[in-house]
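Structure record follows, encoded as C-alpha coordinates.
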Amino acid sequence: MKYRRFGKTDWQISEVGYGMWGLAGWTGSDDNEVQKSLELSVELGCNFFDTAWGYGEGLSEQILGALLKKHADKQLYAATKIPPKNFIWPSKSHFELKDCFPAQHIIEYTEKSLKNLGVEQIDLQQFHVWEDAWADNDDWKEAIQKLSQEGKVKHWGISVNRWEPNNCLKSLETNLFSSVQVIYNIFDQNPEDQLFPLCQKLDIGIIARVPLDEGSLTGLLDYNTTFPADDWRSTYFVPENLTSSVDHANALKPLVPENMDMPEMALRFILSNPDVGTIIPGMRKIKHVKSNIGTSDGQGLAPSLLEELKKHRWERQPTEWSQ
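This is the structure in C-alpha coordinates:
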(Lines of atoms letter the chains of each structure in order from A and count residues from 1; the text may use other names and numbers.)
(Lines give C-alpha, C1' and ligand atoms only; values in the text may rest on other atoms or scores of the structure.)
Protein backbone atom coordinates (compact mmCIF):
# COMPACT_ATOMS: atom_id res chain seq x y z
CA MET A 1 0.00 0.00 0.00
CA LYS A 2 1.19 3.50 -0.87
CA TYR A 3 0.37 6.47 1.37
CA ARG A 4 -0.27 10.11 0.60
CA ARG A 5 -0.23 13.25 2.70
CA PHE A 6 -3.84 14.27 3.34
CA GLY A 7 -3.78 18.04 3.09
CA LYS A 8 -3.49 20.20 6.18
CA THR A 9 -4.27 17.23 8.45
CA ASP A 10 -0.73 16.09 7.66
CA TRP A 11 -1.94 12.49 7.98
CA GLN A 12 -0.32 9.83 5.83
CA ILE A 13 -3.34 7.90 4.61
CA SER A 14 -3.66 4.88 2.38
CA GLU A 15 -4.31 5.96 -1.19
CA VAL A 16 -6.94 3.24 -1.35
CA GLY A 17 -9.37 3.72 1.51
CA TYR A 18 -12.49 1.77 2.40
CA GLY A 19 -15.94 3.06 1.44
CA MET A 20 -18.47 1.61 3.86
CA TRP A 21 -21.82 2.53 2.33
CA GLY A 22 -22.27 -0.87 0.75
CA LEU A 23 -22.06 -2.56 4.16
CA ALA A 24 -25.51 -1.22 5.07
CA GLY A 25 -28.32 -0.75 2.59
CA TRP A 26 -27.08 -2.71 -0.42
CA THR A 27 -28.12 -6.24 -1.22
CA GLY A 28 -25.65 -9.05 -1.79
CA SER A 29 -23.67 -8.56 1.41
CA ASP A 30 -22.60 -11.46 3.59
CA ASP A 31 -21.84 -10.32 7.13
CA ASN A 32 -19.11 -12.90 7.62
CA GLU A 33 -17.35 -11.97 4.39
CA VAL A 34 -17.71 -8.27 5.19
CA GLN A 35 -15.85 -8.82 8.45
CA LYS A 36 -13.13 -10.81 6.72
CA SER A 37 -12.87 -8.12 4.04
CA LEU A 38 -12.40 -5.41 6.65
CA GLU A 39 -9.77 -7.45 8.46
CA LEU A 40 -7.91 -8.15 5.23
CA SER A 41 -7.93 -4.47 4.30
CA VAL A 42 -6.21 -3.59 7.57
CA GLU A 43 -3.73 -6.40 7.06
CA LEU A 44 -2.92 -5.05 3.59
CA GLY A 45 -2.32 -1.54 4.91
CA CYS A 46 -5.62 0.30 4.51
CA ASN A 47 -5.89 2.92 7.26
CA PHE A 48 -8.69 5.22 6.06
CA PHE A 49 -12.34 4.22 6.51
CA ASP A 50 -15.26 6.33 5.34
CA THR A 51 -18.73 5.81 6.77
CA ALA A 52 -21.80 7.89 7.71
CA TRP A 53 -24.70 7.82 10.14
CA GLY A 54 -26.92 7.62 7.07
CA TYR A 55 -25.50 4.21 6.12
CA GLY A 56 -28.00 2.03 7.93
CA GLU A 57 -28.87 4.65 10.58
CA GLY A 58 -25.59 4.16 12.39
CA LEU A 59 -25.06 0.48 11.55
CA SER A 60 -22.05 1.10 9.32
CA GLU A 61 -20.55 3.36 12.01
CA GLN A 62 -20.97 0.56 14.55
CA ILE A 63 -19.23 -1.90 12.21
CA LEU A 64 -16.33 0.53 11.93
CA GLY A 65 -16.35 1.08 15.68
CA ALA A 66 -15.84 -2.64 16.27
CA LEU A 67 -12.93 -2.64 13.81
CA LEU A 68 -11.30 0.34 15.54
CA LYS A 69 -11.62 -1.36 18.90
CA LYS A 70 -10.13 -4.59 17.61
CA HIS A 71 -7.16 -2.73 16.15
CA ALA A 72 -6.64 -0.14 18.84
CA ASP A 73 -2.89 -0.62 18.47
CA LYS A 74 -2.96 0.65 14.88
CA GLN A 75 -3.45 4.17 13.50
CA LEU A 76 -6.73 3.85 11.64
CA TYR A 77 -8.50 7.03 10.54
CA ALA A 78 -12.30 7.16 10.86
CA ALA A 79 -14.30 9.53 8.69
CA THR A 80 -18.06 9.79 9.06
CA LYS A 81 -20.84 12.19 8.08
CA ILE A 82 -23.74 14.10 9.62
CA PRO A 83 -27.05 13.47 7.83
CA PRO A 84 -29.11 16.52 6.85
CA LYS A 85 -31.91 17.20 9.34
CA ASN A 86 -34.57 16.75 6.65
CA PHE A 87 -32.94 13.46 5.56
CA ILE A 88 -33.10 14.44 1.90
CA TRP A 89 -30.19 13.47 -0.35
CA PRO A 90 -28.97 15.44 -2.19
CA SER A 91 -29.84 18.87 -0.85
CA LYS A 92 -31.60 21.31 -3.15
CA SER A 93 -30.50 24.84 -3.89
CA HIS A 94 -33.57 26.31 -2.16
CA PHE A 95 -32.97 24.45 1.11
CA GLU A 96 -32.00 26.68 4.00
CA LEU A 97 -29.34 25.78 6.54
CA LYS A 98 -32.01 25.37 9.24
CA ASP A 99 -33.56 22.61 7.11
CA CYS A 100 -30.33 20.63 7.00
CA PHE A 101 -27.68 21.61 9.52
CA PRO A 102 -28.87 23.81 12.39
CA ALA A 103 -26.28 23.94 15.18
CA GLN A 104 -28.11 21.61 17.55
CA HIS A 105 -28.50 18.97 14.83
CA ILE A 106 -24.77 19.08 14.09
CA ILE A 107 -24.02 18.57 17.76
CA GLU A 108 -26.66 15.85 18.25
CA TYR A 109 -25.48 13.69 15.36
CA THR A 110 -21.82 14.16 16.17
CA GLU A 111 -22.62 12.76 19.63
CA LYS A 112 -24.44 9.82 18.00
CA SER A 113 -21.45 9.14 15.76
CA LEU A 114 -19.06 9.27 18.71
CA LYS A 115 -21.17 6.64 20.47
CA ASN A 116 -21.52 4.41 17.40
CA LEU A 117 -17.80 4.57 16.68
CA GLY A 118 -16.89 4.08 20.33
CA VAL A 119 -14.36 6.92 20.27
CA GLU A 120 -13.82 10.14 22.19
CA GLN A 121 -12.81 12.08 19.09
CA ILE A 122 -13.84 11.70 15.45
CA ASP A 123 -10.89 12.03 13.10
CA LEU A 124 -12.94 13.53 10.26
CA GLN A 125 -16.56 14.63 10.55
CA GLN A 126 -18.21 15.61 7.27
CA PHE A 127 -21.44 17.24 6.16
CA HIS A 128 -23.26 14.64 4.08
CA VAL A 129 -24.76 17.22 1.70
CA TRP A 130 -23.87 20.84 1.13
CA GLU A 131 -24.94 24.14 -0.42
CA ASP A 132 -22.35 26.85 -0.91
CA ALA A 133 -25.04 29.43 -0.16
CA TRP A 134 -24.57 28.49 3.51
CA ALA A 135 -20.95 29.64 3.53
CA ASP A 136 -21.63 32.92 5.36
CA ASN A 137 -24.07 31.49 7.91
CA ASP A 138 -22.51 31.57 11.38
CA ASP A 139 -24.73 28.85 12.88
CA TRP A 140 -22.79 25.89 11.48
CA LYS A 141 -19.47 27.63 12.11
CA GLU A 142 -20.23 28.10 15.80
CA ALA A 143 -21.32 24.46 16.13
CA ILE A 144 -18.20 22.99 14.56
CA GLN A 145 -15.90 25.34 16.46
CA LYS A 146 -17.60 24.30 19.71
CA LEU A 147 -17.17 20.60 18.93
CA SER A 148 -13.56 21.14 17.91
CA GLN A 149 -12.76 23.07 21.07
CA GLU A 150 -14.32 20.29 23.14
CA GLY A 151 -12.01 17.82 21.42
CA LYS A 152 -14.87 15.81 19.90
CA VAL A 153 -13.85 16.37 16.28
CA LYS A 154 -10.30 16.71 14.97
CA HIS A 155 -11.02 17.79 11.38
CA TRP A 156 -14.06 18.79 9.31
CA GLY A 157 -14.99 18.10 5.73
CA ILE A 158 -17.68 18.52 3.10
CA SER A 159 -19.14 15.72 1.02
CA VAL A 160 -20.21 17.51 -2.15
CA ASN A 161 -23.48 16.72 -3.90
CA ARG A 162 -23.33 14.45 -6.94
CA TRP A 163 -22.20 16.26 -10.10
CA GLU A 164 -21.89 19.61 -8.26
CA PRO A 165 -18.14 19.82 -7.54
CA ASN A 166 -18.16 23.60 -7.41
CA ASN A 167 -21.00 23.82 -4.88
CA CYS A 168 -18.54 24.24 -2.01
CA LEU A 169 -15.78 26.57 -3.21
CA LYS A 170 -16.76 29.61 -1.13
CA SER A 171 -17.20 27.40 1.94
CA LEU A 172 -13.73 25.93 1.55
CA GLU A 173 -12.34 29.47 1.50
CA THR A 174 -13.46 29.86 5.14
CA ASN A 175 -10.47 27.66 6.07
CA LEU A 176 -12.68 25.71 8.48
CA PHE A 177 -12.50 22.55 6.39
CA SER A 178 -9.61 20.14 6.01
CA SER A 179 -11.11 17.88 3.34
CA VAL A 180 -13.62 17.60 0.56
CA GLN A 181 -15.23 14.40 -0.69
CA VAL A 182 -16.30 14.46 -4.32
CA ILE A 183 -17.30 12.09 -7.08
CA TYR A 184 -14.29 11.72 -9.36
CA ASN A 185 -13.78 9.00 -11.93
CA ILE A 186 -13.23 8.49 -15.67
CA PHE A 187 -16.71 9.80 -16.41
CA ASP A 188 -16.81 12.56 -13.77
CA GLN A 189 -13.71 14.66 -14.40
CA ASN A 190 -15.31 18.04 -13.62
CA PRO A 191 -13.56 18.42 -10.23
CA GLU A 192 -10.30 18.97 -12.10
CA ASP A 193 -11.55 22.33 -13.40
CA GLN A 194 -11.99 24.43 -10.25
CA LEU A 195 -12.20 22.24 -7.16
CA PHE A 196 -8.83 20.50 -7.34
CA PRO A 197 -6.84 23.70 -8.00
CA LEU A 198 -8.53 25.39 -5.01
CA CYS A 199 -7.82 22.39 -2.78
CA GLN A 200 -4.19 22.52 -3.82
CA LYS A 201 -4.06 26.23 -2.98
CA LEU A 202 -5.74 25.76 0.43
CA ASP A 203 -4.01 22.45 1.26
CA ILE A 204 -7.31 20.56 1.49
CA GLY A 205 -7.33 16.76 1.31
CA ILE A 206 -9.37 15.21 -1.50
CA ILE A 207 -11.40 12.03 -1.08
CA ALA A 208 -12.48 10.60 -4.44
CA ARG A 209 -15.73 8.73 -4.01
CA VAL A 210 -17.77 6.59 -6.42
CA PRO A 211 -14.61 5.60 -8.35
CA LEU A 212 -16.52 2.94 -10.26
CA ASP A 213 -19.59 5.10 -10.95
CA GLU A 214 -21.84 2.94 -8.74
CA GLY A 215 -20.82 -0.09 -10.77
CA SER A 216 -20.96 1.04 -14.39
CA LEU A 217 -17.15 1.29 -14.53
CA THR A 218 -16.84 -2.37 -13.62
CA GLY A 219 -17.98 -3.12 -17.15
CA LEU A 220 -20.28 -5.79 -15.77
CA LEU A 221 -23.66 -4.07 -16.21
CA ASP A 222 -25.76 -4.71 -19.29
CA TYR A 223 -29.00 -3.28 -20.63
CA ASN A 224 -31.04 -5.86 -18.71
CA THR A 225 -29.37 -5.47 -15.31
CA THR A 226 -31.83 -5.12 -12.43
CA PHE A 227 -31.47 -4.67 -8.68
CA PRO A 228 -33.82 -5.68 -5.85
CA ALA A 229 -36.35 -3.01 -4.85
CA ASP A 230 -34.70 -2.54 -1.46
CA ASP A 231 -31.29 -1.93 -3.03
CA TRP A 232 -30.42 1.75 -3.51
CA ARG A 233 -29.07 1.05 -6.98
CA SER A 234 -32.58 0.18 -8.17
CA THR A 235 -33.47 3.88 -7.85
CA TYR A 236 -30.23 5.06 -9.44
CA PHE A 237 -30.03 2.80 -12.47
CA VAL A 238 -33.43 3.80 -13.81
CA PRO A 239 -33.82 2.89 -17.51
CA GLU A 240 -32.49 6.18 -18.88
CA ASN A 241 -29.40 6.04 -16.67
CA LEU A 242 -28.76 2.31 -17.11
CA THR A 243 -28.82 2.58 -20.88
CA SER A 244 -26.50 5.59 -20.97
CA SER A 245 -24.17 4.07 -18.39
CA VAL A 246 -23.81 0.83 -20.31
CA ASP A 247 -23.27 2.77 -23.55
CA HIS A 248 -20.46 4.80 -21.99
CA ALA A 249 -18.88 1.76 -20.34
CA ASN A 250 -18.95 -0.22 -23.58
CA ALA A 251 -17.12 2.63 -25.31
CA LEU A 252 -14.27 2.21 -22.80
CA LYS A 253 -13.80 -1.53 -23.22
CA PRO A 254 -11.48 -1.30 -26.25
CA LEU A 255 -9.13 0.91 -24.19
CA VAL A 256 -8.58 -1.55 -21.33
CA PRO A 257 -4.91 -2.60 -21.44
CA GLU A 258 -3.90 -6.23 -21.76
CA ASN A 259 -3.67 -7.99 -18.38
CA MET A 260 -5.95 -5.38 -16.81
CA ASP A 261 -9.72 -5.23 -16.29
CA MET A 262 -11.94 -2.16 -16.36
CA PRO A 263 -12.20 -1.69 -12.55
CA GLU A 264 -8.41 -1.67 -12.31
CA MET A 265 -8.14 0.84 -15.13
CA ALA A 266 -10.75 3.02 -13.45
CA LEU A 267 -8.93 3.03 -10.12
CA ARG A 268 -5.53 3.60 -11.71
CA PHE A 269 -6.97 6.57 -13.61
CA ILE A 270 -7.77 8.24 -10.29
CA LEU A 271 -4.50 7.24 -8.62
CA SER A 272 -2.63 8.74 -11.56
CA ASN A 273 -3.79 12.17 -10.32
CA PRO A 274 -1.51 13.38 -7.49
CA ASP A 275 -4.16 15.84 -6.31
CA VAL A 276 -6.23 12.96 -4.90
CA GLY A 277 -5.49 11.94 -1.31
CA THR A 278 -7.44 8.69 -1.27
CA ILE A 279 -10.12 6.82 -3.17
CA ILE A 280 -12.85 4.96 -1.32
CA PRO A 281 -14.24 2.05 -3.33
CA GLY A 282 -16.82 -0.12 -1.65
CA MET A 283 -15.34 -3.49 -0.74
CA ARG A 284 -17.77 -6.10 0.54
CA LYS A 285 -15.91 -9.12 -0.80
CA ILE A 286 -12.41 -10.43 -0.14
CA LYS A 287 -11.60 -10.54 -3.86
CA HIS A 288 -12.47 -6.85 -4.15
CA VAL A 289 -10.19 -5.93 -1.26
CA LYS A 290 -7.31 -7.79 -2.91
CA SER A 291 -7.89 -6.35 -6.38
CA ASN A 292 -8.61 -2.77 -5.30
CA ILE A 293 -5.71 -2.50 -2.86
CA GLY A 294 -3.54 -4.20 -5.47
CA THR A 295 -3.77 -1.05 -7.60
CA SER A 296 -1.79 0.84 -4.95
CA ASP A 297 1.64 -0.02 -6.29
CA GLY A 298 2.80 3.33 -7.58
CA GLN A 299 2.12 2.36 -11.19
CA GLY A 300 -0.12 4.91 -12.86
CA LEU A 301 -1.60 4.56 -16.32
CA ALA A 302 0.46 5.39 -19.38
CA PRO A 303 0.22 9.09 -20.38
CA SER A 304 -1.17 8.11 -23.77
CA LEU A 305 -3.99 6.12 -22.17
CA LEU A 306 -4.76 8.95 -19.74
CA GLU A 307 -5.15 11.27 -22.70
CA GLU A 308 -7.56 8.85 -24.34
CA LEU A 309 -9.57 8.50 -21.13
CA LYS A 310 -9.87 12.29 -20.88
CA LYS A 311 -12.04 12.10 -23.98
CA HIS A 312 -14.58 9.97 -22.08
CA ARG A 313 -15.51 12.77 -19.69
CA TRP A 314 -19.29 12.66 -19.34
CA GLU A 315 -21.07 15.92 -18.53
CA ARG A 316 -24.06 15.20 -16.30
CA GLN A 317 -26.55 17.28 -14.38
CA PRO A 318 -28.24 16.30 -11.08
CA THR A 319 -31.70 14.78 -11.49
CA GLU A 320 -34.36 13.35 -9.21
CA TRP A 321 -32.74 9.88 -9.37
CA SER A 322 -29.11 10.95 -8.94
CA GLN A 323 -28.99 11.31 -5.17
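Using UniProt numbering, the first residue of the sequence shown is number 1, and each one after it goes up by one. Glycine included, each C-beta is placed from N, C-alpha and C at the ideal position.
The segment 215-280 is shown to contain whole alpha helix (DSSP H) runs of 4 or more residues at 233-236, 239-252, 262-271, in chain order. Under the DSSP assignment, F196 falls outside any beta strand (DSSP E), being part of the alpha helix (DSSP H) whose first and last residues are 195-202. In the three-state DSSP reduction, G157 falls in the strand class (E or B).
Taken atom to atom, the span from the alpha-carbon of E39 to that of L67 is near 8 Å.
The segment 4-19 makes contact with the segment 195-211, as at least three CB pairs between them are under 8 Å. Scanning the segment 83-138 from its first residue to its last, the whole beta strand (DSSP E) runs of 3-plus residues come out as 122-127. Within the same chain, Cβ atoms closer than 7 Å to the Cβ of Y3 are found at Q12, I13, S14, E15, the five residues on either side in sequence being excluded. In this structure, the beta-carbon distance from K85 to C100 falls below 7 Å. When secondary structure is reduced to three states using DSSP, A79 falls in the strand class. By the Cβ test, the segment 205-225 is in contact with the segment 236-254, since at least three Cβ pairs between them sit closer than 8 Å.
Taking each of D222, L176, F187, D231 in turn and checking the Cα distance to T243, the smallest one comes out for D222. Around the beta carbon of Q125, 16 or more other beta carbons lie within 10 angstroms, which makes this residue buried. Closest option to W130, judged by alpha-carbon separation, among W321, W163, Q145, Q189: W163. A contact is defined here as three or more CB-CB pairs under 8 Å, and the segment 298-316 fails this definition with respect to the segment 55-75. In this structure G157 is buried. Its beta-carbon is surrounded by 16 or more other beta-carbon atoms within 10 angstroms. Shortest Cα-Cα distance from F48 to any of I279, I82, L198 involves I279.
Spanning the alpha carbons of S41 and M283 requires a straight line of approximately 9 Å. Burial is judged here by how many other beta carbons sit within 10 angstroms of a residue's own beta carbon; P228 has fewer than 16 and is exposed.
Under the DSSP assignment, D50 falls in the beta strand (DSSP E) whose first and last residues are 48-50.
Between the beta-carbon of E142 and that of A103 there is about 6 Å, and that keeps the pair under the 8 Å contact cut.
The Cβ atoms of I183 and V210 sit closer than 7 Å to each other.
Comparing C-alpha distances from I82 to each of M20, E192, H128, W140 shows the shortest one belongs to H128. Comparing alpha carbon positions, the residue from I88, G19, D132 closest to Y77 is G19. Where Q62 is concerned, the enclosing alpha helix (DSSP H) starts and stops at 59-70. With a threshold of 16 other beta carbon atoms within 10 Å, R313 falls short and is exposed.
In chain order, V42 place their CB closer than 7 Å to the CB of H71, counting only its own chain and leaving out the 5 sequence neighbours on each side. Taking every protein chain shown into account, the CB of W321 has fewer than 16 other CB atoms within 10 angstroms, so this residue is exposed. The three-state reading of DSSP puts A208 in strand, counting E and B together. Shortest Cα-Cα distance from A135 to any of K152, Q121, N175 involves N175.
Here F196 is buried: its Cβ has 16 or more other Cβ atoms, across all protein chains shown, within 10 Å. Contact check for M1 against G54 fails: the beta carbons are separated by 7 Å or more.
Per DSSP, V42 lies in no beta strand (DSSP E) segment; the continuous alpha helix (DSSP H) that holds it begins and ends at 31-43.
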